[in-house]
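Chains as they are written, first to last, in full-length UniProt numbering: chain A, 1 to 258; chain B, 1 to 109.
In this text, a Cβ means the ideal position worked out from N, Cα and C, and glycines have one as well.
I have placed the structure first, in the form of structure tokens, so that the comments after it can refer back to it.
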Amino acid sequence: MAATATTEAPVFDKKTWMGGVEPMRVSYGKLMMWFFLISDTFTFSALLVTYGFIRFSYQAYDPAIFGEYHFSNLYWPIPERVYESVPFLHGVQLPLVFVGIMTFILIFSSVTMVLAVEAGHRMDKAAVEKYMLWTILGGLTFLGSQAWEWTHFIHGTDEGTVIRELVNGQWIERTIFGANLTENQYGPPAFADLFFFITGFHGTHVLSGVVLNILIFYRTSFGLYQRRGHYEMVEKVGLYWHFVDLVWVFVFTFFYLV
Amino acid sequence: MADHSSHHHDTESGVIAEPQTKAIWKTFVILSVLTAFEFLIAFTLHHGFLKTSIFVLMTIVKAFYIVGEFMHLKHEVKSLIWAIVLPCIFVVWLLLALLMEGGFVFIAR
């Protein structure tokens, strides 16, 4: 055992795997987090690809055919005409402003997360705690904003939309407000379904991320990682949190902007 | 104490190194400017191929900075980078194939 005599006390080394080597020069936990994230990428891609497929299979809005833009289930809605409300500013048309604010909140919480990781590298416990709290606050603010957006989407506009439908062989006209999984005042029901599924699945990820962040904050403040000698758990949860931010960047573009 | 190369030793002596956050804030500024630029495009250009192309390009650039800097992938070994990037290229293929397929479904019904 002369070879091991030179090494330091048997602290847990995050770099060495059980076999003693280190594939791809990352720790086991980090590599598995990467593989989880790539599988999660496939899930989100499937949802966004489905959105693209269904959207392309529907009639697009064309001023030459339909005249001035209004909500109708005859064509796929233009997202910036659907999402134009901001809390406390009832009746003011501010297209995409609230979604933009939500995007900035999430990007900023990603920054505080990476600052927490950086503080962990320096074994600065107080700074890790501080930045984890900011990250948790950002995540909760985002979730609150999303709850408001969902509520508004479900309740609909003041005017509603008149739709014509065939009931028992007769055409009847009916005004519907907001959207659920079967009817939608903004456009075809599929649009509302995809909105609920895509932003809902992303929101679930944000919620899980906030729970993980709270756990990391709790364990940091009790000094677990300080005793362990490294803050790698902050990095691993950080990877997840950045991924959630990354998914939002794609949802923002392909659901709200395009 | 100050000449120790490893930060592990700093904690043993109770000294905490200075924060190195320049790259982080630089990335944040880039992401913010790109998002602001997307907003500008959203309200100045008409819907069309050019607008969509700009949005897709901006999104890829933002993804590059988030994955490369925040998730540190840029500084990992090549095999790990490719293990992550390569599957995503196939996803782009799936996306394009199904967008075309969706267009055919529209024509067919």
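- Within the same chain, Cβ atoms closer than 7 angstroms to the Cβ of residue 189/A are found at 182, 183, the five residues on either side in sequence being excluded.
- For residue 15/B, the three-state secondary structure derived from DSSP is coil.
- Straight-line spacing of the CA atoms in residue 61/B and residue 54/B works out to 11 angstroms.
- A direct Cα-to-Cα measurement between residue 86/B and residue 74/B gives close to 14 angstroms.
- Annotation for residue 81/A: no beta strand (DSSP E) segment contains it, though the alpha helix (DSSP H) segment containing it runs 79-82.
- Contacts between residue 100/A and chain B, judged by CB atoms closer than 8 angstroms, involve 35, 39 in chain order.
- According to DSSP, residue pairing for residue 164/A in a beta bridge involves 173/A.
- Chain-order list of chain B residues neighbouring residue 110/A: 28, 31, 66, 70, by C-beta distance under 9 angstroms.
- About 17 angstroms separates the Cβ atoms of residue 207/A and residue 246/A, ruling out a contact at the 8 angstroms cut-off.
- In the DSSP assignment, residue 205/A falls within the unbroken alpha helix (DSSP H) covering 189-221.
- Shown here, residue 179/A sits in a strand according to DSSP, grouped into three states.
- In the DSSP assignment, the residues bridged to residue 184/A are 179/A.
- Contacts with chain B (Cβ-Cβ distance below 7 angstroms) from the stretch 126-139 of chain A involve no residue at all.
- Of all alpha-carbon atoms in 194/A, 66/A, 210/A, the one lying nearest the alpha-carbon of residue 150/A is that of 194/A.
- Shown here, residue 124/A sits in coil according to DSSP, grouped into three states, outside any helix or strand.
- Using a C-beta cut-off of 8 angstroms, the stretch 215-228 of chain A makes no contact with the stretch 18-30 of chain A, since fewer than three inter-stretch Cβ pairs fall below that distance.
- For residue 116/A against residue 135/A, the beta-carbon gap comes to about 6 angstroms, under 8 angstroms, which counts as contact.
- In the structure shown, the three-state DSSP call for residue 232/A is helix.
- For residue 36/B, the uninterrupted alpha helix (DSSP H) segment begins and ends at 22-44.
- DSSP places residue 68/A in no alpha helix (DSSP H); its state is neither H nor E.
- Between residue 205/A and residue 244/A, the beta carbon gap of about 5 angstroms places them in contact (Cβ cut-off 8 angstroms).
- In this structure residue 153/A is in contact with residue 179/A, their Cβ atoms being roughly 6 angstroms apart against a cut-off of 8 angstroms.
- Between residue 238/A and residue 114/A, the CB-CB gap stays under 8 angstroms.
- Boundaries of the alpha helix (DSSP H) around residue 92/B: 78-108.
- Taking CB atoms only, residue 79/B has a neighbour in chain A less than 8 angstroms away.
- In the structure shown, residue 27/A adopts coil according to DSSP, grouped into three states.
- For the stretch 73-97 of chain B, residues whose beta-carbon sits nearer than 8 angstroms to a beta-carbon of chain A comprise 76, 77, 79, 80, 83, 84, 87, 88, 91, 94, 95.
- Per DSSP, residue 63/B is one residue of the alpha helix (DSSP H) stretching across 49-65.
- When 50/A, 45/A, 157/A, 229/A are compared, the shortest CA-CA separation from residue 90/A is found for 157/A.
- For the C-beta of residue 49/B, not a single chain A residue is nearer than 8 angstroms; the gap to the nearest is close to 11 angstroms.
- For residue 105/B, the C-beta contacts it makes with chain A under 7 angstroms involve 57, in order along the chain.
- Interface criterion met: the Cβ of residue 99/B is under 8 angstroms from a Cβ in chain A.
- Taking the Cα of residue 155/A as reference, the smallest distance to any Cα among 139/A, 140/A, 185/A, 146/A is reached at 185/A.
- Proximity of residue 88/A to chain B, defined by a Cβ-Cβ separation below 8 angstroms, is not satisfied.
- If you draw a 10 Å sphere on the C-beta of residue 192/A, you find 16 or more other C-beta atoms in it, and that means buried.
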